[in-house]
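Numbering (the working numbering), first residue to last: 1007 to 1295.
Okay, structure first, notes after.
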Amino acid sequence: MTEIRAAGGVPWRPRPGGTEVCIVHRPRYGDWTLPKGKLEPTEHPLAAAVREVAEESDVRGVPQVRLPSAHYRSEGRPKVVDYWSMRAAASGGFQPDTEVDEVRWLPVDEAARLVSYPHDADVLAAFATLPPVTATVLLARHGHAGRRGTGTGPDTARPLDAEGWAQAYALAELVALVRPQRLLSASPRRCVQTLDPAATRLDLPIEVCGDLDEPRAGQQRDERSLALAARLLDLAGGGGNAAVCSQGKVIPGALEQLTGRVGADFTTPKGGGWLLAFVGDALLAAEPL
């Protein structure tokens, strides 16, 4: 039986003395719930989550931390809803309709008492344990660029191939969701090109940084991974959001360093990446995209 896939979020904003979250009322069901909705064909769950939150609550949310997924049955089929915490970057202009007729901003405990379903209360309980996120970084590996050693020039000049460009354009949509103020890339051409569609979309320059590169002759992999980890911490410490494109030989080691999970599998496919959430200069969560 085909599984129903959906996504949504816990939009939040600061208030005097704490945090409040957004929940919505659906007149069709007579319930209070977190904003969510079904994925469109081929849509990434993170993109669907941000879109559905905007459509149902008129909140433009910036995703930060992956929350527990809800599993239940709907229309006789299994359904999975993926959730993210989302800082409310903007809101207003909500117009009641037949899908959602009321939006409320409430303290987390009040929202948890009002929602109609235990799985929504569970998601809110997980959100309530999180400290306020101060920075979000999307860390990506460059897109597909053929095979190493097949070109006639230096490996750093190897460009993206057709598959890699398709990955770069798909990645640009996810980069835009985190609303970065900076785009940083390792120096190889394929890394810079991977951020090109995002740079065009966001009208941001790409900062080329050699400390994001994988090791070259005479360099140790651990040394380069530590350099990447240090750069990510520096970005996080400055606050704000960023997107970084690096290479497959250094990303796993950098994530081991940041998470303290030595031996964990942080293998990152080409064109893939991670959503990193920081509190100050400490990593709170790292979730694959």
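In this text, a Cβ means the ideal position worked out from N, Cα and C, and glycines have one as well.
Remember, predicted model here, so these are calculated numbers, not experimental data.
- Beta-bridge analysis with DSSP links residue 1044 to 1012.
- Shown here for residue 1122: same chain residues with a beta carbon closer than 7 Å to its own, the five before and five after excluded, namely 1037, 1038, 1039 in chain order.
- Cβ contact annotation for residue 1051 (same chain, cutoff 6 Å, sequence separation greater than five): 1013, 1088, in chain order.
- Residue range 1024-1032 is occupied by the beta strand (DSSP E) that includes residue 1028.
- Judged by their CB atoms, residue 1142 and residue 1282 are nearer to each other than the 8 Å cut-off.
- DSSP places residue 1070 within a strand segment (E or B) once states are collapsed to three.
- Note that the stretch 1076-1091 touches the stretch 1127-1134; at least 3 beta-carbon pairs, one per stretch, sit closer than 8 Å.
- Unbroken alpha helix (DSSP H) runs of no fewer than 4 residues, entirely contained in the stretch 1043-1123, are found at 1051-1063, 1114-1120, following chain order.
- The beta carbons of residue 1010 and residue 1057 sit no closer together than 8 Å.
- Secondary structure of residue 1215 (DSSP, three-state): coil.
- If the five residues before and after residue 1191 are omitted, its C-beta is found closer than 6 Å to the C-beta atoms of 1197, 1198, 1201, 1212, 1214, 1251, all from its own chain and listed in chain order.
- Cβ neighbours of residue 1186 within its own chain (closer than 6 Å, five residues either side excluded): 1247, 1248, 1249.
- Residue burial is scored here from C-beta neighbours: residue 1194 has at least 16 other C-beta atoms within 10 angstroms and is therefore classed as buried.
- Secondary structure at residue 1279: strand, using DSSP grouped into helix, strand and coil.
- When secondary structure is reduced to three states using DSSP, residue 1193 falls in the coil class, being assigned neither helix nor strand.
- Pairing residue 1278 with residue 1295 gives a Cβ-Cβ distance under 8 Å.
- By DSSP's assignment, residue 1246 forms a beta bridge with 1141.
- Closest option to residue 1275, judged by alpha-carbon separation, among 1101, 1145, 1289, 1081: 1145.
- With the rule of 3 Cβ pairs closer than 8 Å, the stretch 1227-1234 does not count as touching the stretch 1283-1290.
- Judged by DSSP in its simplified three-state form, residue 1186 adopts coil rather than helix or strand.
- Short of 6 Å from the beta carbon of residue 1170, and not among the five residues preceding or following it, lie these beta carbons of its own chain, in chain order: 1149, 1150, 1151.
- For residue 1070, the closest C-alpha among the options 1184, 1020, 1110 is that of 1184.
- By the Cβ test, the stretch 1252-1259 is not in contact with the stretch 1087-1105, since fewer than three Cβ pairs between them sit closer than 8 Å.
- A straight line joining the alpha-carbon of residue 1115 with that of residue 1167 spans about 50 Å.
- In chain order, 1141, 1284, 1287 place their CB closer than 6 Å to the CB of residue 1242, counting only its own chain and leaving out the 5 sequence neighbours on each side.
- Within its own chain, the residues whose Cβ lies closer than 6 Å to the Cβ of residue 1163, once the five positions on either side in sequence are excluded, are 1195, listed in chain order.
- Taken through DSSP and simplified to helix, strand or coil, residue 1293 comes out as strand.
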